[in-house]
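Asker: Dumping the structure here so I can ask a few things about it.
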Amino acid sequence: MFIMIIVLYSTSIFFWSNKPSLTISDIISNVALINNLVGIKSIDAVNWTLAIEIKLYLLYTTFRSIIIKNASPFILGFGLCSICFSYLVSANENHSAITAFISDVIFINYINIGLCFYLAYSNIKGTTETIFLGVFSMASFIVLHHMIYSPPLHKLISFNYTYAIILFFIAYINLDHFKDIKIISYLAKISFPFYALHSVIGYITLRILEKEGVRYSSSLVITFLVIIILSHFINKIIDSRFTKKIARKI
Numbered sequence: 001m002f003i004m005i006i007v008l009y010s011t012s013i014f015f016w017s018n019k020p021s022l023t024i025s026d027i028i029s030n031v032a033l034i035n036n037l038v039g040i041k042s043i044d045a046v047n048w049t050l051a052i053e054i055k056l057y058l059l060y061t062t063f064r065s066i067i068i069k070n071a072s073p074f075i076l077g078f079g080l081c082s083i084c085f086s087y088l089v090s091a092n093e094n095h096s097a098i099t100a101f102i103s104d105v106i107f108i109n110y111i112n113i114g115l116c117f118y119l120a121y122s123n124i125k126g127t128t129e130t131i132f133l134g135v136f137s138m139a140s141f142i143v144l145h146h147m148i149y150s151p152p153l154h155k156l157i158s159f160n161y162t163y164a165i166i167l168f169f170i171a172y173i174n175l176d177h178f179k180d181i182k183i184i185s186y187l188a189k190i191s192f193p194f195y196a197l198h199s200v201i202g203y204i205t206l207r208i209l210e211k212e213g214v215r216y217s218s219s220l221v222i223t224f225l226v227i228i229i230l231s232h233f234i235n236k237i238i239d240s241r242f243t244k245k246i247a248r249k250i
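Here full-length UniProt numbering is used: the first residue of the sequence shown is 1, the next is one more, and so on.
Okay, here's the thing in structure tokens:
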């Protein structure tokens, strides 16, 4: 996030001669990943998903042993409670902060499908049970989206997130095969920083190249390579001994 803010400010001031209309509150809330809960818009189109993931990681880390031992009631209970809570809140018009919280809850149901894959991969649960839990989590996710968001988004959300799970499932059942393909293994390692950086930095790079007269197809290739290189170095920093030592102390 700090990298994106620096790039955003520097390009806006020096390239477009226009200072971004960001306040200290905007920056702090986005860096802290709580902007949606305090009613502040995301600086990019990616930050909100990272905020949800951080909440999920904290939840899983804090209650890991309990969640793993009681995975089935946890997933089923979380989905049902999410639907009931969303139904009660939907009758109230003044609930912007609560709606933001529900948005997080909706996607935690979706990410719980990843927990199902982990349960199957670790042989903690049988195939039939994990498939049922995964389908239930996906159904809860779609139902919640229909309850909270406007109709034009329903088909789009259902399609996009369903084919994402199908692609992940194909990768999962061919895991050993993909591990032998070095380029895919490498892209998997840098996928998280790539995802975090591609929105703002990718868009800015693309706009600058187009403004300088570079063809759109060439701009896409150059932008892709720029994000790959940045993601590579960020991944190296995250995997460094110094960073891991700090993480252990925390």
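C-beta atoms are modelled at their ideal positions from N, C-alpha and C, and glycine is treated no differently. Given the structure is predicted, the values throughout are model-derived calculations rather than measurements.
Contact between the region 137-144 and the region 67-86 is defined here as three or more beta-carbon pairs at a separation below 8 Å; is this criterion met?
Answerer: yes
Asker: Applying the criterion that 16 or more other CB atoms from any shown protein chain within 10 Å of the CB defines a buried residue, is T127 buried or exposed?
Answerer: Within a 10 Å sphere around the beta-carbon of T127 sit fewer than 16 other beta-carbons, which makes this residue exposed.
Asker: Does the separation of the CB atoms of L144 and I75 fall below 9 Å?
Answerer: no
Asker: Nearest-angstrom Cα distance between I181 and K236?
Answerer: When only Cα atoms are considered, I181 and K236 end up about 20 Å apart.
Asker: Thinking just about the alpha-carbon of each residue, which of T130, H146 and A51 is nearest to the one in H154?
Answerer: Closest option to H154, Cα to Cα, is H146.
Asker: Can the beta-carbon of K125 be found less than 9 Å from the beta-carbon of A71?
Answerer: Contact flag set, yes.
Asker: Give the range of the alpha helix (DSSP H) segment to which K182 is assigned.
Answerer: K182 to K189
Asker: Could you check where the alpha helix (DSSP H) with P152 kicks off and where it finishes?
Answerer: Where P152 is concerned, the enclosing alpha helix (DSSP H) stretches over P152 to I173.
Asker: Which residue's Cα is closest to the Cα of Y161: K211, L209 and F107?
Answerer: F107
Asker: What separation, rounded to the nearest whole angstrom, lies between the Cα atoms of F15 and L197?
Answerer: 19 Å
Asker: Going by DSSP, what residue range makes up the alpha helix (DSSP H) through D239?
Answerer: Where D239 is concerned, there is no enclosing alpha helix (DSSP H), given that its DSSP letter is neither H nor E.
Asker: Given this structure, state the Cα-to-Cα distance separating I208 from S21, to the nearest angstrom.
Answerer: 20 Å
Asker: Does the Cβ of Y87 have 16 or more other Cβ atoms within 10 Å, making it buried, or fewer, making it exposed?
Answerer: It counts as exposed.
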